[in-house]
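Take a look at the structure below.
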């Protein structure tokens, strides 16, 4: 079965507002989840070049996370997060997606699936198109981990 991560970014209607809604949906054979969080468009735009990195390493994986914390900076909680790191020596990658409800963070899911470098390159290309307002979403296709 195919697994996938779908990313959508909804820009603010206010041209002076840098924040928009980053929506993630993940589907694997064992878990399905969706959610989102308010994220600056610049952060999402900067993701695409990071996805072009080769190779990803265990010491320096691709990690993008957004969340919130208490006013003093403590108790940080990830609301949406994507991590990509090597799965094995043959070039497979593990994609780890974390999604929590932005109001009640006890409601959350974490899913893992396998992808490869051509998959992440295609996702980066689609992400550039989303941020250029040429596509509605970017999809990272992969396969389930048994």
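In the numbering used here, the protein residues as written are 799 to 944.
The beta-carbon is built from N, C-alpha and C at its ideal position, and this holds for glycine as well.
If you're wondering where the values come from, they're calculated on a predicted model, not measured in any experiment.
Starting from the C-beta of residue i, find all residues in its chain whose C-beta is less than 7 Å away, skip the five residues before and the five after it, and write them out in chain order.
i: residue 935; result: 804, 805, 806 and 928
Using DSSP bridges, identify the partner residues of residue i.
i: residue 805; result: 822 and 936
i: residue 860; result: 882
i: residue 892; result: 883 and 912
i: residue 865; result: 876
i: residue 838; result: 817
i: residue 898; result: 906
Could you check what DSSP says for residue i in three-state terms: helix, strand or coil?
i: residue 875; result: strand
i: residue 832; result: strand
i: residue 942; result: strand
i: residue 904; result: coil
i: residue 921; result: helix
i: residue 846; result: helix
Judging by CA-CA distance, which residue of the options is the nearest neighbour of residue i?
i: residue 896; options: 915, 875, 890 and 885; result: 875
i: residue 944; options: 828, 886, 917 and 930; result: 828
i: residue 886; options: 903, 854 and 863; result: 854
Mind checking whether residue i and residue j have CB atoms under 8 Å apart?
i: residue 817; j: residue 837; result: yes
i: residue 883; j: residue 914; result: no
i: residue 878; j: residue 894; result: no
i: residue 848; j: residue 939; result: no
Let me check you understand the geometry: is the CB of residue i closer than 7 Å to at least one non-hydrogen atom of the ligand GDP?
i: residue 932; result: By its list of ligands, the structure shown contains no ligand whatsoever, and the ligand GDP lies outside what it can speak to.
Below 8 Å CB to CB, which residues in the same chain sit around residue i once its five sequence neighbours on both sides are set aside?
i: residue 832; result: 821, 822, 823, 824 and 897
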